[in-house]
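Numbering (this note's numbering), first residue to last: 53 to 551.
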């Protein structure tokens, strides 16, 4: 009996030890092709319980294991066209994972689809969207990252006339000299997103947030705004409105509020609450704009699919994602279209698994009367995965854009006031404005878990903004310790504000 008891205690100690080992363990590595040794971006990394992550654009991943896992659980690493590799989580110590190519063997399930043409596959993909994708209300655990840069190539103002003495040429020269010529930033949040794919239903609860940004730069713009506000309060009449004239064009500037004392009357607690609410609304607005563009009612609202008649599709490969047979199609413009890329399709259900594309010509190039705008780079990757409902749900998106904006023309801003007796025009500012900026924007998001919820559960959840981002001036590899996120790329790791 004693030997039996000791054996049981020994087994229990192993189990408990296994749980303790996994409690704070992190698994990290880089995924590469076993033959070419090239990195494999966006490989799926997951454990038996289903929790997982994707490798980033550099093939790197980091996965945090939790106490719900058992010591005998396995780690799986897979990617389309490669054999899935499995490892015991407790013994995984590799810094590099090599995935071998997977031999193709056509199964009887998909034999009926193998002779479909590329165009027939695309037509099938666009059918029965509501049966293939979860379009209802869901609770999504999400990590979202925004990275951006803005660079002024030119920034000049020449004053021709100013009825406000403070707004003379010396003021503008001094002010513009303080404006940073280049700024970059990274925002990251982890939280819960509730809703479907319509703008009206989105609710966000942020658990933790980070900003890598030079606060001195932000302070410069805030101080400039305060100086402008002070000067306007001293010189502009209450109930005034403004007219902007540039050439023959004249526009009334609505929403230009002055003499607003609300901020001055708020208590510190109210200001903090307002900042948290503003930050949450800002992040939710961007997320909403991205997610709600994927579906339009019961159709996939992706440009390439909506305008598929403008593209030539070619079936170039047949592969597997784990046990899912996958058609691989390439596409390019057949006429005046913007993108080239690839589409991956579940050959059993004829559902879109992944789409990736980039532009081969300017998305938009506008120049008129001294004002210009060029959207010259766009790269998109969107991926779906099966969720517990049996349908597909959004798993990952990465959207990258680059823009160039320029202005080189004369402007006149006139203050007008109908209440003040006498002349209607109060103040006038004439200037020549010349600036050119280049801006890059990149959004990355991964949905770890998607759970279908009822209308009642959605209505019951109330947003309560309680988080502000932690500001850092240098990348901290320990900030997200204990959390699974998309591994930062080298640009983020190199972020550091020069003192």
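In this text, a Cβ means the ideal position worked out from N, Cα and C, and glycines have one as well.
{"Item": "C-alpha gap between residue 130 and residue 392, whole angstroms", "Value": "25 Å"}
{"Item": "Residue ranges of each beta strand (DSSP E) within the segment 230-257, 3 or longer", "Value": "234-247"}
{"Item": "Collapsed DSSP secondary structure at residue 211 in the structure displayed", "Value": "strand"}
{"Item": "Residue 426: first and last residue of the uninterrupted beta strand (DSSP E) it sits in", "Value": "423-438"}
{"Item": "Selected residue, minimal CA-CA separation from residue 254, among 365, 265, 220, 507", "Value": "507"}
{"Item": "Range of the contiguous alpha helix (DSSP H) that encloses residue 395", "Value": "Taken as a continuous stretch (DSSP letters only), residue 395 belongs to no alpha helix (DSSP H), being part of the beta strand (DSSP E) at 391-398."}
{"Item": "For residue 445: DSSP bridge partner residues", "Value": "437"}
{"Item": "Check: residue 456 C-beta below 8 Å from any heavy atom of the ligand ZN", "Value": "Ligands displayed in this structure: none; no statement on the ligand ZN is therefore possible."}
{"Item": "Burial state of residue 292 (16 or more Cβ within 10 Å)", "Value": "buried"}
{"Item": "Sub-9 Å separation of residue 170 and residue 404 beta-carbons", "Value": "no"}
{"Item": "Inter-stretch contact at 8 Å, needing at least 3 Cβ pairs: the segment 513-521 / the segment 460-469", "Value": "no"}
{"Item": "Neighbourhood of residue 480 by C-beta, 6 Å cutoff - its chain only, sequence neighbours within 5 removed", "Value": "215, 466"}
{"Item": "Beta-ladder partner(s) of residue 94, from DSSP", "Value": "Residue 94 is not bridged to any residue."}
{"Item": "Neighbour-count burial assignment, residue 539, 16 or more Cβ in a 10 Å radius", "Value": "buried"}
{"Item": "Inter-residue CB distance, residue 266 and residue 235 (contact presumed, cutoff 8 Å)", "Value": "7 Å"}
{"Item": "Residue 251, buried or exposed, once every other Cβ within 10 Å from all chains shown has been counted against 16", "Value": "exposed"}
{"Item": "Pick from 241, 239, 240, 256 that is closest to residue 17, judged by C-alpha positions", "Value": "The structure shown has nothing for residue 17, since the chain only spans 53 to 551."}
{"Item": "Nearest-angstrom Cα separation, counted from residue 323 out to residue 240", "Value": "22 Å"}
{"Item": "Coil, strand or helix - residue 290 by DSSP", "Value": "coil"}
{"Item": "DSSP state of residue 276 mapped onto helix, strand, coil", "Value": "helix"}
{"Item": "Chain-order list of residues whose beta-carbon lies under 7 Å from that of residue 182 (same chain, five-residue window excluded)", "Value": "350"}
{"Item": "Chain-order list of residues whose beta-carbon lies under 7 Å from that of residue 363 (same chain, five-residue window excluded)", "Value": "356, 383, 384, 385, 386, 389"}
{"Item": "Buried versus exposed, by CB contacts within 10 Å (16 or more), residue 378", "Value": "buried"}
{"Item": "Reference residue 435, options 419, 352, 85, closest by Cα", "Value": "352"}
{"Item": "Given 8 Å, three or more beta-carbon pairs between the segment 430-448 and the segment 407-421", "Value": "yes"}
{"Item": "Range covered by the alpha helix (DSSP H) that runs through residue 339", "Value": "320-343"}
{"Item": "Among 178, 81, 128, nearest to residue 359 - alpha-carbon criterion", "Value": "178"}
{"Item": "Close Cβ partners of residue 77 (< 6 Å) along its chain, the five nearest in sequence each way excluded", "Value": "117"}
{"Item": "Residue interval of the beta strand (DSSP E) (run including residue 79)", "Value": "78-85"}
{"Item": "C-beta contact flag for residue 192 and residue 125 at 9 Å", "Value": "no"}
{"Item": "Cβ-based neighbour list, residue 550, same chain, cut-off 7 Å, excluding 5 preceding and 5 following", "Value": "none"}
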